[in-house]
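J.:
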Amino acid sequence: MPNASKRILVGTAIALLAAAILVFPSLAPNPYILSSGVLVLNYAVLATSWNFVGGFTGYISLGHGALAGLGGYATGLLVVKAGLPSFAALAVAALLVAALAVPLGMAALRVRGASFVIVSIALVLILLLVFQSWASFTGGSRGLVVPRPFDLSRPEHHRVFYYLFAVLLAIAVLAWWLIDRSRFGLGLKSIREDEDKAEALGTPTFAYKLIVFVVSAGFTALAGGLYALWFGDLDPVFQFSILTGSYLVLMALLGGVRNLFGPVAGAILVGTALEYFKVEYGDTPLHLVATGVLLALVVLFMPDGVLPAIGDLLKRLDRTKKSSIREVTAAELAEQRKAAV
Amino acid sequence: MSLATHELRKAFGGVTALDGATVDFHPGKVNALIGPNGSGKTTYFNCVTGMIKPDSGRVTYKDRDLTGKAPHRIARAGLGRTFQLCRTFPRMTALENVLAAVPHGGLRSFRTRSDIERAMSWLTRLGIEHLARSEARDMSWGQQKLLELAGVLMAEPETVLLDEPAGGVNPALLDRIGTLIRELNAEGRTFVIVEHNMDLVMSISDHIVVFDRGRPIAEGPPSVIRSDERVLGAYLGV
Ligand SMILES: Nc1ncnc2c1ncn2[C@@H]1O[C@H](COP(=O)(O)OP(=O)(O)O)[C@@H](O)[C@H]1O
Ligand SMILES: [Mg+2]
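Order-wise, the sequence lines are chains U and C.
Anchor point for the first sequence: position 272 equals 1684 in this note's numbering, and the numbering is continuous, going up by one each time.
Anchor point for the second sequence: position 156 equals 1635 in this note's numbering, and the numbering is continuous, going up by one each time.
1) Would you list, in sequence order, the uninterrupted beta strand (DSSP E) runs of no fewer than 3 residues that lie entirely inside the region 1624-1707 of chain C?
2) For L1660/U, which residues of its own chain have a beta-carbon under 6 Å away from its beta-carbon, when the five flanking residues on both sides are left out?
3) Assuming G1630/C contacts G1519/C (C-beta within less than 8 Å), just tell me the rounded distance between them.
4) Along the chain, where does the alpha helix (DSSP H) containing D1594/C start, and where does it finish?
5) Name the DSSP bridge partner or partners of Y1540/C?
6) Strictly below 7 Å CB to CB, what residues from chain C border D1608/U?
7) As a quick check of your reading: which residues have a C-beta less than 6 Å from at least one non-hydrogen atom of ligand 1, in chain order?
8) For a contact defined as C-beta to C-beta under 7 Å, what are the partners of R1668/C on chain U?
9) Since R1595/U and G1467/U should fall inside the 8 Å C-beta cutoff, what is the C-beta to C-beta distance between them, to a whole number of angstroms?
10) Quick check on the burial criterion: 16 or more other C-beta atoms within 10 angstroms. Buried or exposed for D1606/U?
11) Can you find the residues in the same chain that come closer than 7 Å, C-beta to C-beta, to F1577/U, ignoring five residues on each side of it along the sequence?
12) Does S1473/U pass the burial test, meaning 16 or more other C-beta atoms within 10 Å, or should it be called exposed?
13) Report, in whole angstroms, the separation of the C-beta atoms of A1554/C and A1612/U, which I expect to be a contact under 8 Å.
14) Where T1487/U and K1493/U are concerned, what is the direct C-alpha to C-alpha distance, given to the nearest angstrom?
15) Suppose contacts are defined by Cβ-Cβ distances below 7 Å. Is V1579/U in contact with L1600/U by that definition?
16) Measuring only between beta-carbons, confirm whether G1693/C sits less than 7 Å from chain U.
17) On the CB-based measure, 16 or more other CB atoms within 10 Å of its CB, does W1589/U come out buried or exposed?
18) Who are the neighbours of S1588/C on chain U, taking C-beta pairs under 9 Å?
19) Given 6 Å as the limit, tell me if Q1563/C has its C-beta closer than that to any heavy atom belonging to ligand 2.
20) Can you pull the DSSP bridge partners for N1576/C?
21) Just the C-alpha distance for A1511/U and P1441/U, rounded to the nearest angstrom, thanks.
22) Excluding the 5 residues preceding and the 5 following A1584/U in the sequence, name in chain order all residues of the same chain whose CB lies nearer than 7 Å to its CB.
23) Can you find the residues in the same chain that come closer than 7 Å, C-beta to C-beta, to R1616/C, ignoring five residues on each side of it along the sequence?
24) Using a threshold of 7 Å, state whether the C-beta atoms of F1690/C and G1499/C are closer than that.
25) Does the beta-carbon distance from S1498/U to V1504/U come in below 7 Å?
26) Going by C-alpha distance, which of P1695/C, F1670/C, I1704/C is nearest L1558/C?
27) Tell me which same chain residues have a C-beta within less than 6 Å of the C-beta of L1719/U, skipping the five on either side of it?
28) Measuring only the C-alpha atoms, how far is G1525/U from Y1523/C?
29) Is any beta-carbon of chain U found at less than 7 Å from that of R1555/C?
30) Does the Cβ of V1740/U have 16 or more other Cβ atoms within 10 Å, making it buried, or fewer, making it exposed?
31) Note down the Cα distance separating V1542/U from L1535/U, rounded to an integer number of angstroms.
32) Check the C-beta distance from A1519/U over to G1483/U and give it rounded, since I have them as a contact under 8 Å.
33) Spatial neighbours of L1574/C within its chain, please: CB distance less than 8 Å, with the 5 preceding and 5 following residues excluded, ordered by chain position.
34) Which same chain residues end up closer than 7 Å to G1481/U when comparing Cβ atoms and leaving out the 5 residues on each side of it in sequence?
35) Apart from the five residues on each side of it in sequence, which residues of its chain come closer than 6 Å, Cβ to Cβ, to P1648/U?
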């Protein structure tokens, strides 16, 4: 495919996606569907944030649910206990979580592969324990009620937060794109491909991993904090859940971790499916089984994700088209040669 | 004085890989490091480039102590290396593979014109410029070896360590690699080459160091090494 027409195709796809996201609230038939839309966008931000680490460096974290939980609790506690205005609390919370990500990353990013996955799971379990048992501060399993920032009707409340999440998503995607085309990003990708080799070429791999982990944690905390302001009620069991982290991994892998919009596409697919199952079957262990099965299927059959698989298919179609063109040219060439003789 | 090590020691469990290796390589020359399989040549490279920490001993480069420094610092001090089993970034294009070796500059685009021109000129010099947009994983073994070399050279190292550059390549490519090493050396780069192909070693080296059981047992120009009894003994088990 020539570069120009490819760019037009990609541009059109992005415009369509943006338009679909923007008009959804007007099309949503009831507040419940609209709130599902908010959840899906929340997932899209989280999966994109996860992809700063997962997509660039190849480190698979199952702990990002906990970073979102920290963002949520930090925002909630700053509003409730410190009396900060909601969105100031959100900003401070994101900075706090990003700062906490420095020691966390320094500990976790020392190990690679499966060991890193296990460390990231441990993070979730430890935080769950802390937030459950420190009830006097966090509300424990009774939950933490976060006051709503606006005095709005329920549908309006959803609508406003839907657009806030859309803005956050746009910022996260833009940041990912900026890194993707930068020298820093190329260094990160070389870590994903072969970390020792990257080091030997002069890339300070540890510093690179740590920086991108902190950026990822910051965005994740923003999404978690915005969720807290929207939902208004936090429970450690849901905030510090390995399931959330697994959903994010599934979404990013499904959509494609090397693709700017992969995690968004994956979040829309998986998020919608999750919401659909919740409506049809309620909260059952089925979620868990379905997540596990889907994760296994994707890893086995589409390790590069759904979007890249479609891309490959298009490329293959394109190649057959090109080869038929080449045949014509070959025939023409033969004719020209004959004419020349 | 250029690259040198003093009493370098490294054991893996009960296996002594380096047993007090004191070596002084000749700056501006093509140095070869030869020795039987398992004599510690790769471990030596790994200790010198910081990929593994020696148990004791010192690594110095241009009078700077590099012992125990992080590999990226050693690379930036001017030491470039290839790996015994060629290593590239498989899902990155050849051009990106080479660009990954430029000193990083934060959020600036990696596709600046001057960097791309320099990367393309290395790919051209190694004869693989037509593969610039192919991913490394789609390239042949020989092409990947050339690509790895292009990446190392992109970082402009003054001293280049090559671990078996001729391993598994066909005779035509072998010739090209030999010529290239001599040319790059004439431009001022120092080489240290681990290699089993004795024809290549004898034809391109100025200075040869022979390892046996983790330490040097002989060194000198090819003419001397060719007839050294200890070398023949180590290699042929006489
Ligand atoms: N990572 C490692 N773990 C355990 N033993 C090793 C390791 N690397 C090398 N060795 C051992 O150290 C010795 C020297 O190996 P090496 O440096 O690869 O030799 P050469 O490159 O000269 O063939 C061998 O006995 C090898 O088995
Ligand atoms: Mg070796």
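Cβ atoms here follow ideal geometry from the backbone N, Cα and C, with glycine treated the same way.
T.: To lay it out plainly:
1) Within the region 1624-1707 of chain C, the complete beta strand (DSSP E) runs of at least 3 residues are 1638-1642, 1669-1673, 1686-1691, 1694-1699.
2) Start at 1 with the first residue of the first sequence, and residue 1660/U comes out as number 248. So the list reads L1458, A1459, W1462, H1476, once near-sequence residues are dropped.
3) Indexing the second sequence from 1 puts residue 1630/C at position 151. Indexing the second sequence from 1 puts residue 1519/C at position 40. G1630/C to G1519/C, Cβ: 26 Å. No contact.
4) Mapped onto the second sequence, residue 1594/C falls at position 115. Counting along the chain, the alpha helix (DSSP H) containing D1594/C begins and ends at 1592-1604.
5) In the second sequence, residue 1540/C corresponds to position 61, counting from 1. Per DSSP, the beta-bridge partners of Y1540/C are L1482/C, R1543/C.
6) As a first step, residue 1608/U is located in the first sequence; it is residue number 196 there, counting from the start. Residues of chain C passing the Cβ test: M1530.
7) Ordered along the chain, residues surrounding ligand 1 are F1491/C, V1494/C, A1496/C, G1514/C, N1516/C, G1517/C, S1518/C, G1519/C, K1520/C, T1521/C, T1522/C [Cβ under 6 Å from any heavy atom].
8) Position 189 of the second sequence holds residue 1668/C. Here the premise fails: no neighbours, minimum Cβ distance about 16 Å.
9) Residue 1595/U sits at position 183 when you count from the first residue of the first sequence. Residue 1467/U sits at position 55 when you count from the first residue of the first sequence. That belief does not hold up - the Cβ atoms of R1595/U and G1467/U are roughly 17 Å apart, past 8 Å.
10) To locate residue 1606/U, count along the first sequence from 1; it is residue 194. Burial call: buried.
11) Looking up residue 1577/U in the first sequence gives position 165. Taken in chain order, the residues that qualify are V1450, L1453, N1454, V1457, L1638.
12) Within the first sequence, numbered from 1, the residue matching residue 1473/U stands at position 61. Counting Cβ neighbours within 10 Å, S1473/U comes out buried, since at least 16 surround it.
13) Along the second sequence, one-based indexing puts residue 1554/C at 75. Along the first sequence, one-based indexing puts residue 1612/U at 200. Right, the Cβ-Cβ distance comes to about 6 Å (below 8 Å), so this counts as a contact.
14) As a working mapping, residue 1487/U is identified with position 75 in the first sequence. As a working mapping, residue 1493/U is identified with position 81 in the first sequence. Between T1487/U and K1493/U, the alpha-carbon positions lie close to 10 Å from each other.
15) Here residue 1579/U refers to the residue found at position 167 when the first sequence is read from its first residue. Here residue 1600/U refers to the residue found at position 188 when the first sequence is read from its first residue. No.
16) The sequence position of residue 1693/C within the second sequence is 214, counting from 1. Output row for G1693/C: interface = no.
17) Counted from its first residue, the first sequence places residue 1589/U at position 177. When all chains shown are included, W1589/U counts as exposed.
18) Sequence index remark: in the second sequence, residue 1588/C carries index 109 (1-based). R1593, S1594, R1595, listed in chain order.
19) Working through the second sequence from its first residue, we reach residue 1563/C at position 84. Yes, the Cβ of Q1563/C comes within 6 Å of a heavy atom of ligand 2.
20) Position 97 of the second sequence, counted from the start, is the residue given in the question as residue 1576/C. Residue pairing for N1576/C: DSSP places it in no beta bridge.
21) Position 99 of the first sequence, counted from the first residue, corresponds to residue 1511/U. Position 29 of the first sequence, counted from the first residue, corresponds to residue 1441/U. CA-to-CA, the gap between A1511/U and P1441/U works out to about 42 Å.
22) By one-based count along the first sequence, residue 1584/U stands at place 172. Hits under 7 Å: V1457, T1460, S1461, F1631.
23) Stepping through the second sequence from its first residue, residue 1616/C is reached at position 137. The beta carbon of R1616/C is closer than 7 Å to those of P1569, R1570 in its chain, skipping five residues each way along the sequence.
24) Within the second sequence, residue 1690/C is the residue found at index 211, counting from 1. Within the second sequence, residue 1499/C is the residue found at index 20, counting from 1. Their beta carbons are not under 7 Å apart, which means F1690/C does not touch G1499/C by this criterion.
25) Counted from its first residue, the first sequence places residue 1498/U at position 86. Counted from its first residue, the first sequence places residue 1504/U at position 92. Contact: no.
26) Counted from its first residue, the second sequence places residue 1558/C at position 79. In terms of CA proximity to L1558/C, F1670/C leads the group P1695/C, F1670/C, I1704/C.
27) Locating residue 1719/U in the first sequence gives position 307, counting from the first residue. Within the same chain, Cβ atoms closer than 6 Å to the Cβ of L1719/U are found at G1667, G1668, N1671, G1674, A1677, the five residues on either side in sequence being excluded.
28) In the first sequence, counting from the first residue as 1, residue 1525/U sits at position 113. In the second sequence, counting from the first residue as 1, residue 1523/C sits at position 44. G1525/U and Y1523/C: Cα-Cα distance of roughly 27 Å.
29) As a first step, residue 1555/C is located in the second sequence; it is residue number 76 there, counting from the start. Output row for R1555/C: interface = yes.
30) Stepping through the first sequence from its first residue, residue 1740/U is reached at position 328. Unreliable placement is indicated for V1740/U, whose pLDDT of 44 sits below 50; the coordinate value is still reported in the next sentence. Under this definition V1740/U is an exposed residue.
31) Taking the first sequence and counting its residues from 1, one reaches residue 1542/U at position 130. Taking the first sequence and counting its residues from 1, one reaches residue 1535/U at position 123. Approximately 11 Å, taken between the alpha carbons.
32) Numbered from 1 along the first sequence, position 107 holds the residue referred to as residue 1519/U. Numbered from 1 along the first sequence, position 71 holds the residue referred to as residue 1483/U. Your pair A1519/U and G1483/U does not check out as a contact, with CB atoms roughly 19 Å apart and the cut at 8 Å.
33) For the purposes of this step, residue 1574/C is taken as the residue at position 95 of the second sequence. So the qualifying residues of the chain are I1595, A1598, M1599, L1602, A1611, R1612.
34) Indexing the first sequence from 1 puts residue 1481/U at position 69. Closer than 7 Å at Cβ, skipping near neighbours: L1539, G1636, Q1651, F1652.
35) Here residue 1648/U refers to the residue found at position 236 of the first sequence. A distance below 6 Å between beta-carbons, with the five flanking residues on each side excluded, links P1648/U to the following residues of its chain, in chain order: L1540, F1543, Q1544.
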